[in-house]
Amino acid sequence: MKILILCATGTSSNIVVESVKKAVGDLNIKIAAKGIEEFEDNVESCDLILLGPQIKYKLETIQKVVEDKNIPVGIIDSMDYGLCRGEEILNKAIQLISLFKGE
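Per our numbering, the sequence shown starts with residue 276, numbered consecutively.
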């Protein structure tokens, strides 16, 4: 599974990505961080898109772009994001994928 985390420029999400990577351990999950302007160039290769809380206003726009690609989009909790709670972010991402797939 590949998770794409988006923020305004990709800078703050890089810090968050590092904390999520630590939580991944042996799971076959790849995490990448990009700025919102780069997301369309990277959307084909991801299974889940998570938005940083600072760009949550872009949720509907991004959902419309990916609706035919069958990719779920979620917003990272602001406390989890701000405190770089990688394990929490990862667990919620896995839950979101499971809900989306109907598992």
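Just so it is clear, CB atoms sit at the ideal spot from N, CA and C, and this is done for glycine as well.
Bear in mind the structure is a predicted one, so any value in this text is a computation, not a measurement.
Judging by CA-CA distance, which residue of the options is the nearest neighbour of residue i?
i              : options                           : result
aspartate 316  : Met276, Tyr356, Lys331 and Leu281 : Leu281
isoleucine 346 : Ser373, Ile306, Ile290 and Leu323 : Leu323
isoleucine 330 : Ile372, Ser353 and Ser373         : Ser353
valine 340     : Ala368, Phe314 and Ser320         : Phe314
Any idea which residues DSSP pairs residue i with across the strands?
i          : result
lysine 309 : Leu281
Over the uninterrupted alpha helix (DSSP H) stretch that includes residue i, give me the two end residues.
i             : result
leucine 374   : 361-376
leucine 325   : Here leucine 325 belongs to no alpha helix (DSSP H); instead the beta strand (DSSP E) covers 323-326.
aspartate 355 : 353-357
aspartate 316 : 314-317
glutamate 335 : 334-341
Under 8 Å between the Cβ atoms of residue i and residue j?
i              : j              : result
isoleucine 351 : leucine 334    : no
alanine 308    : valine 318     : no
isoleucine 306 : isoleucine 278 : yes
cysteine 359   : isoleucine 304 : no
serine 287     : glycine 327    : yes
For the beta strand (DSSP E) that residue i lies in, which residues bound it at each end?
i              : result
isoleucine 350 : 348-350
Q: Check whether the segment 289-303 touches the segment 356-364, taking contact to mean three or more Cβ pairs, one atom from each stretch, closer than 8 Å.
A: Enough Cβ pairs lie closer than 8 Å, so yes.
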